[in-house]
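Peer 1: Residue numbers (full-length UniProt numbering): 1 to 267.
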Amino acid sequence: MNKRKKRNRPNRKEAPHAIDQDYGKEEKIRLNKFIAHCGFCSRRKADDYIAAGKVKVNGEVVTQMGVKVQRTDQVVVEGQHLRLEKFVYILLNKPKDTITTTDDPRNRDTVMDKIEDATGKRVYPVGRLDRHTMGLLLLTNDGDLANRLMHPSYEVRKTYEVETERRLTDDELQELADGIELEDGPARAHNLLRTPRGLMLSIFEGRNRLVRRMMAHFGTEVTKLKRVDYAGLNLENVKMGRWRYLKKNEINALRKLVKLQPLDFNG
1 MNKRKKRNRP NRKEAPHAID QDYGKEEKIR LNKFIAHCGF CSRRKADDYI AAGKVKVNGE
61 VVTQMGVKVQ RTDQVVVEGQ HLRLEKFVYI LLNKPKDTIT TTDDPRNRDT VMDKIEDATG
121 KRVYPVGRLD RHTMGLLLLT NDGDLANRLM HPSYEVRKTY EVETERRLTD DELQELADGI
181 ELEDGPARAH NLLRTPRGLM LSIFEGRNRL VRRMMAHFGT EVTKLKRVDY AGLNLENVKM
241 GRWRYLKKNE INALRKLVKL QPLDFNG
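#1: Could you tell me which of K256, Q74, T169 and E236 sits nearest to F218, measuring between CA atoms?
#2: Between the segment 52-61 and the segment 137-156, do at least 3 Cβ pairs fall closer than 8 angstroms?
#3: Mapping DSSP to helix, strand and coil, what is V67?
#4: Reducing DSSP to helix, strand and coil, say where N141 ends up.
#5: Quick check on E221: buried or exposed, where buried means 16 or more other Cβ atoms within 10 Å of its Cβ?
#6: For the structure I just gave you, are there three or more beta carbon pairs, one from the segment 18-29 and one from the segment 65-78, closer than 8 angstroms?
#7: Assign R83 to buried or exposed, taking buried as 16 or more other Cβ atoms, counted over all protein chains shown, within 10 Å of its Cβ.
#8: If you follow the alpha helix (DSSP H) that residue 275 is part of, which residue opens it and which one closes it?
#9: DSSP state of A177, grouped into three classes?
#10: By the three-class DSSP mapping on this structure, what secondary structure does K247 have?
#11: In terms of alpha-carbon separation, which member of K114, R131 and R188 lies closest to V123?
#12: Whole alpha helix (DSSP H) runs in the segment 147-213 with 4 or more residues, listed along the chain?
#13: P10 to L233, Cα distance in whole Å?
#14: Beta carbon of G198, beta carbon of K224: below 9 angstroms?
#15: If we call anything under 9 angstroms between Cβ atoms a contact, is K226 one with T133?
#16: For K256, which residues of its own chain have a beta-carbon under 6 angstroms away from its beta-carbon, when the five flanking residues on both sides are left out?
#17: Mind checking N93: buried by the 16 CB within 10 Å criterion, or exposed?
#18: Just to confirm before moving on: does the CB-CB distance between T63 and A51 stay below 9 angstroms?
#19: What's the gap between the Cα of L129 and the Cα of I19?
#20: What does the alpha-carbon distance come out to for the pair E27 and F34?
#21: For S202, collect the residues of the same chain with a Cβ closer than 6 angstroms to its Cβ; drop the 5 residues on either side in sequence, then sort them by chain order.
#22: Where DSSP assigns a beta bridge to I19, which residues make up the other side?
#23: Using alpha carbons as the reference points, say which of T140, K86, A36 and E250 lies closest to T101.
#24: Quick one: is N249 buried, meaning 16 or more other Cβ sit within 10 Å of its Cβ, or exposed?
#25: Just curious, the alpha helix (DSSP H) that R131 is in, first and last residue?
#26: Applying the 10 Å Cβ sphere with the 16-neighbour rule, what's the burial state of L182?
Right under this line is the structure:
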């Protein structure tokens with residue numbers, strides 16, 4: 001029997017409106033940018049769809065790069081009709097045993113279940129937290145922002161609280177701060193601090209299960225892992241399993257961090 005999932009509503013009085021992309025009806029938009037701004041995928045992935053002949057504009061297949069469209073044009077990708085949606089930005093305090101995916105065939109709790117009342121628009125997780133990792137996760141339909149935040153060249157800071165089976169020694173902490181060698185290359189902990197129950201550290205990479213593998217390098221396992229900061233955002237006033245919309249200044253701070261133009265909220 002499927003379990004009944006509890007709805008999780010924010011305080012509507014504090015939730016700002018979704019943000020209109022403010023393209024005029026006659027304004028020309030590059031096709032890959034249009035697809036990304038519909039929340040379908042990144043611009044780079046949109047180029048792949050275009051090159052593969054999977055994109056139609058007003059009923060015609062388009063394979064040329066650089067084609068421009070208007071928001072009134074009919075754009076279809078792999079049979080799916082796209083339209084520009086207002087941007088939505090959500091910060092979730094992800095609980096343990098929650099899957100970072102938009103759907104799970106085994107009917108396990110997903111991050112989408114936690115924000116199911118947030119918006120009628122499609123949003124996607126920015127990166128991943130594994131099932132047993134808790135903490136700060138962003139979700140948005142701003143494809144350009146999501147793609148850049150996840151791209152290693154922008155070195156977005158992620159800070160974690162870590163507890164392990166065995167307490168690391170001072171020498172091991174120094175080695176971790178200096179850098180260690182993992183099977184997929186060197187790794188280093190930044191801003192490394194001891195806490196009453198373990199460690200706090202920052203990384204600037206998005207490699208799979210990196211913090212857990214860094215601890216395993218010293219022969220110990222992570223017993224608790226929580227992301228408490230992402231790109232300057234934190235979990236203040238967001239309880240476990242709850243979420244909130246980003247504020248306007250937070251949105252533009254993220255865009256500035258990854259060299260995107262700020263949004264004009266007064267346009």
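Note that CB positions come from ideal geometry on N, CA and C, so glycine has one too. Note that this is a predicted model, so its numbers are computed, not measured.
Peer 2: In terms of the structure at hand:
#1: The residue labelled residue 218 in the question sits at position 218 within the sequence shown. Checking every option, the nearest Cα to that of F218 belongs to T169.
#2: Because the criterion of three Cβ pairs below 8 angstroms is not met, the segment 52-61 and the segment 137-156 do not touch.
#3: Locating residue 67 in the sequence shown gives position 67, counting from the first residue. It is coil, neither helix nor strand.
#4: Counted from its first residue, the sequence shown places residue 141 at position 141. N141: coil per DSSP, three-state reduction.
#5: Sequence index remark: in the sequence shown, residue 221 carries index 221 (1-based). With fewer than 16 Cβ atoms within 10 Å of its Cβ, E221 is classed as exposed.
#6: As far as the Cβ criterion goes, the segment 18-29 touches the segment 65-78, which means the pair count is three or higher.
#7: Here residue 83 is taken as the residue at index 83 of the sequence shown, counted from 1. The residue is exposed, with fewer than 16 neighbouring Cβ atoms inside 10 Å.
#8: As shown, the chain starts at 1 and ends at 267. That puts residue 275 outside it, with no answer to give.
#9: Taking the sequence shown and counting its residues from 1, the one referred to as residue 177 is at position 177. DSSP places A177 in the helix class (H, G or I) of the three-state scheme.
#10: Taking the sequence shown and counting its residues from 1, one reaches residue 247 at position 247. Assigned with DSSP and collapsed to three states, K247 falls in coil, not helix or strand.
#11: Within the sequence shown, numbered from 1, the residue matching residue 123 stands at position 123. Ranked by how close their Cα comes to the Cα of V123, the residues K114, R131 and R188 have K114 in first place.
#12: Segments of the alpha helix (DSSP H) lying fully in the segment 147-213: 170-178.
#13: Taking the sequence shown and counting its residues from 1, one reaches residue 10 at position 10. Taking the sequence shown and counting its residues from 1, one reaches residue 233 at position 233. Note that P10 has pLDDT 45, beneath the 50 cutoff, so the model's placement of it is unreliable and the number below is only indicative. Each residue's Cα considered, the two are about 18 angstroms apart.
#14: Taking the first residue of the sequence shown as 1, we reach residue 198 at position 198. Taking the first residue of the sequence shown as 1, we reach residue 224 at position 224. In this structure, K224 lies closer than 9 angstroms to G198 by Cβ.
#15: Start at 1 with the first residue of the sequence shown, and residue 226 comes out as number 226. Start at 1 with the first residue of the sequence shown, and residue 133 comes out as number 133. Cβ atoms of K226 and T133: closer than 9 angstroms.
#16: Residue mapping note: residue 256 aligns to position 256 of the sequence shown, counting from 1. For K256, where only same-chain residues beyond five positions count, there are no Cβ hits under 6 angstroms.
#17: Translated into the one-based positions of the sequence shown, residue 93 becomes position 93. With 16 or more other Cβ atoms from the protein chains shown falling within 10 Å of its own Cβ, N93 counts as buried.
#18: Mapped onto the sequence shown, residue 63 falls at position 63. Mapped onto the sequence shown, residue 51 falls at position 51. Annotated as proximal: T63 and A51, with beta-carbon spacing under 9 angstroms.
#19: Translated into the one-based positions of the sequence shown, residue 129 becomes position 129. Translated into the one-based positions of the sequence shown, residue 19 becomes position 19. About 26 angstroms.
#20: Within the sequence shown, numbered from 1, the residue matching residue 27 stands at position 27. Within the sequence shown, numbered from 1, the residue matching residue 34 stands at position 34. Approximately 11 angstroms between the Cα atoms of the pair.
#21: In the sequence shown, the residue the question calls residue 202 occupies position 202. Excluding sequence neighbours, S202 sits near R157, T159, H190 and N191.
#22: Reading the sequence shown from its first residue, position 19 is the one you call residue 19. When DSSP reads this structure, I19 sits in a beta bridge with F87.
#23: Locating residue 101 in the sequence shown gives position 101, where the first residue counts as 1. With distances taken between Cα atoms, T101 lies closest to T140.
#24: In the sequence shown, the residue the question calls residue 249 occupies position 249. Classification for N249: exposed.
#25: Residue 131 sits at position 131 when you count from the first residue of the sequence shown. Unbroken run through R131: none, as it is neither H nor E.
#26: Counted from its first residue, the sequence shown places residue 182 at position 182. Exposed.
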